[in-house]
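Working notes, beginning with the structure itself.
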Amino acid sequence: MDKLILYVDGASKGNPGPSGIGVVVCDVGGKILAEIKRTLPETTNNIAEYQALICGLQEALVRKASEVCVRSDSELIVKQSSGSYKVRADHLKPLAEQVKQLARGFHRVIFQQIPREQNKLADRLAKNASRQNR
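Quick note: the sequence shown uses this note's numbering, first residue -4, plus one each step.
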């Protein structure tokens, strides 16, 4: 697999509360290759967003992608991961570092912020996973 597109989203009911992640892995033509949803322990939305990103990058590594385009509706995750924003919250720093480490496994990683409407499937997976955690 040369290039993959990842749609990632996290959900937390209550913030913090029951949480989940959703990841959609697509080829460059838009064909869905995998849909991943996982429940998380009670946590915040930002941590769930990071966990979704980490899961997506891990999946792309397993699929031996050389390039990854990550699409998320989370401004915080996209801007911090691309280096536009500093990671100020201490509890997010280890997650941001894990993203950096995973990103080193690719020739190129692009982070794109997209409108929520374009991230509906990942959002639905994340919300479904968070509901299973009640």
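The beta-carbon is built from N, C-alpha and C at its ideal position, and this holds for glycine as well. Bear in mind the structure is a predicted one, so any value in this text is a computation, not a measurement.
{"Asked": "CA-to-CA distance, D68 to K81, given in whole angstroms", "Found": "18 Å"}
{"Asked": "Nearest to K(-2) (by Cα), restricted to the options T39, N41 and D22", "Found": "D22"}
{"Asked": "Collapsed DSSP secondary structure at Y2 in the structure displayed", "Found": "strand"}
{"Asked": "Cβ contact (3+ pairs, closer than 8 Å) linking the segment 110 to 122 and the segment 73 to 80", "Found": "no"}
{"Asked": "Neighbourhood of R33 by C-beta distance below 6 Å, restricted to the same chain and skipping five residues each side", "Found": "I16 and A124"}
{"Asked": "Identified DSSP bridge partners for L35", "Found": "S14"}
{"Asked": "Under 9 Å between C-beta atoms of N41 and L71", "Found": "yes"}
{"Asked": "Closest Cα partner of V63 within the set L90, G100, P36 and K74", "Found": "G100"}
{"Asked": "With 16 other Cβ atoms within 10 Å as the buried cut-off, status of V94", "Found": "buried"}
{"Asked": "Assigned secondary structure, I109 (DSSP; H/G/I helix, E/B strand, else coil)", "Found": "coil"}
{"Asked": "Euclidean distance between Cα positions of E112 and D4", "Found": "12 Å"}
{"Asked": "Selection from L35, L90 and L52 that minimises the alpha carbon distance to H102", "Found": "L52"}
{"Asked": "Between the CA atoms of K8 and R58 - distance to the nearest angstrom", "Found": "31 Å"}
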